[in-house]
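What follows is a single structure, written as structure tokens, with notes after it.
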Amino acid sequence: MPDRFAQRLLGWYDRHGRKQLPWHHNRNAYRVWVSEIMLQQTQVTTVIPYFEAFMERFPGVHELASAPVDDVLSHWSGLGYYARARNLQKAAQQVVERFDGEFPGNQDELESLPGIGRSTAAAILAQAFQQRATILDGNVKRVLARHHAVPGWPGQTAVLNRLWQHAETHTPHQRVRDYTQAIMDLGAMVCTRSRPACEDCPVVATCEAYARDEVRLYPGSKPKKQKPEKTTWMLILEDHEGRVLLQRRPPSGIWGGLWSLPELDPAYNLEELADACADTFGLTCSEAIAQAGFRHTFSHYHLHIQPARLLTAGHIGVHEAPDHGWFHRDEALTLGLPAPIRTLLTEPAQAALI
DNA sequence: AATACGTGGTG
DNA sequence: TCACCAAGTAT
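Heads up: the first sequence begins at 1 in UniProt numbering, then just goes up one per residue.
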């Protein structure tokens, strides 16, 4: 018995599917790959302007492989999950070195590239190579968890495995590229997280959750945990020319590889900051002035960012360290900066009482 | 297996 | 205001 699921879905896709997204034009493995990486945990409307600018600057894998890493990160600035950008360039370099500049057309070799996992490799195979391959992204997880009434949170391995099983069963041998786009579109446009439009669904007739009137129960929700609260001083160190000291962050961890304002331990009080700067950076600083702080929420914790402004002579330590630099504001904004730091450098300073 | 990794939209 | 979550991967 043939799987009608795919056929019904394809019929719906022909009428209602999205076919005009930027990465649908001039489709090749490179453009598909970049779009898939950008779209990881990131919404389509957010990605579109980034994708356009990225393609303008890095039209092909060779341009990306040979670019300065700062250039790549600056084009990622504001997108988040910056390991994606670092891995993107590493993968580009590997494609040039290991595969002579051509993306491999098989699952294992694609997955051997940094940043490409099971689902992304399958998406590239289906979209760029028109090979039968099975994806499982957030949209597909939601559609299948409902369609087969799979209980539990998809973050659990057992639940994930069941969803992969269903996904592979439905994947057709014909029109895989369209099918892959179709099931994502269904999740994005019809089988949405809240208020799904079941009356418009092409596969509602076989939807187990709908039959039980339990669509809202799927997929199971993530167990909620308390997010820890952290605090940090963010230093706005400015020399007499109005240049600001920035520091490159370590390659791993939060905002890895990006430029940021220097941080200091929150245990220092405001009066101690100038001396602490002298000890830490070898800078002579005048009195620290606190600016209005704010709370930034990450996936796993809240960070109270407390900015302080200090005037300095503009030297640092015995010599210029490679991971430090003085930048004019305009210059700084062309670097790869985390979104909250960009805000701090852009918005007019506000004094604050501590 | 569970957690870290960003940001902006949504209710 | 705030938890939840979106075209997941790496460790």
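Ideal Cβ placement from N, Cα and C applies to all residues, glycine included.
Since the structure is predicted, the reported quantities are computational estimates derived from the model, not experimental observations.
Bridge partners - residue i, DSSP secondary structure assignment
{"i": "T231", "result": "H304"}
{"i": "S260", "result": "Q247"}
{"i": "I236", "result": "R309"}
{"i": "H25", "result": "None; H25 has no bridge partner."}
Pair within 8 Å by beta-carbon distance, residue i and residue j
{"i": "D185", "j": "G17", "result": "yes"}
{"i": "Q41", "j": "Y82", "result": "no"}
{"i": "residue 358", "j": "R309", "result": "Residue 358 lies beyond the residue range present for the chain, which begins at 1 and ends at 354; the question has no answer from this structure."}
{"i": "W12", "j": "A128", "result": "no"}
{"i": "A6", "j": "P172", "result": "yes"}
{"i": "H148", "j": "K230", "result": "no"}
{"i": "residue 394", "j": "I305", "result": "The structure shown does not extend to residue 394, since the chain is modelled only from 1 to 354, so the question has no answer here."}
{"i": "Q89", "j": "L64", "result": "yes"}
{"i": "G187", "j": "R142", "result": "yes"}
{"i": "E263", "j": "T232", "result": "yes"}
{"i": "V44", "j": "G101", "result": "no"}
Sequence-distant residues of its chain with Cβ nearer than 6 Å to residue i (five each side left out)
{"i": "R162", "result": "V150"}
{"i": "A133", "result": "A122, L125 and A126"}
{"i": "T120", "result": "E36"}
{"i": "G105", "result": "F129"}
{"i": "L237", "result": "L245, L310 and T312"}
{"i": "A91", "result": "L113, P114 and G115"}
Contacting residues, own chain, Cβ-Cβ under 8 Å from residue i (five flanking each side not counted)
{"i": "E52", "result": "P22"}
{"i": "H319", "result": "The predicted position of H319 is uncertain, since its pLDDT is 47 and thus under 50; no value can be drawn from it."}
{"i": "R15", "result": "none"}
Cα-Cα separation, residue i to residue j
{"i": "C285", "j": "E271", "result": "12 Å"}
{"i": "W326", "j": "N269", "result": "25 Å"}
{"i": "R31", "j": "M55", "result": "8 Å"}
{"i": "L235", "j": "G256", "result": "18 Å"}
{"i": "V204", "j": "G152", "result": "21 Å"}
{"i": "Y218", "j": "R248", "result": "43 Å"}
{"i": "V215", "j": "E199", "result": "13 Å"}
{"i": "E347", "j": "G242", "result": "15 Å"}
{"i": "E97", "j": "T312", "result": "46 Å"}
{"i": "R84", "j": "P307", "result": "28 Å"}
{"i": "Q94", "j": "T192", "result": "37 Å"}
{"i": "R86", "j": "V69", "result": "8 Å"}
{"i": "M1", "j": "G220", "result": "Note that M1 scores a pLDDT of 46, beneath 50, so its modelled location is shaky and nothing firm can be said."}
{"i": "L144", "j": "Q174", "result": "20 Å"}
Helix, strand or coil at residue i [DSSP, three-state]
{"i": "A123", "result": "helix"}
{"i": "Q89", "result": "helix"}
{"i": "H315", "result": "coil"}
{"i": "M1", "result": "With a pLDDT of only 46 at M1, under 50, the local geometry of the prediction cannot be trusted, and the value read off the model is given with reservation. Three-state result, M1: coil."}
{"i": "Q130", "result": "coil"}
{"i": "W153", "result": "coil"}
{"i": "G138", "result": "helix"}
{"i": "G325", "result": "strand"}
{"i": "H62", "result": "helix"}
{"i": "R216", "result": "helix"}
{"i": "T169", "result": "helix"}
{"i": "T297", "result": "strand"}
{"i": "C277", "result": "helix"}
{"i": "A43", "result": "The sequence shown places Gln at residue 43, rather than the Ala named in the question. DSSP places Q43 in coil when its eight states are reduced to three."}
Cβ neighbours of residue i in the same chain (closer than 7 Å, five flanking residues each side left out)
{"i": "E287", "result": "A274"}
{"i": "P338", "result": "W255, L258 and S260"}
{"i": "D178", "result": "L10 and Y13"}
Closer than 7 Å: residue i CB and nearest the ligand GDP heavy atom
{"i": "L237", "result": "The model depicted lacks the ligand GDP and carries no ligand whatsoever."}
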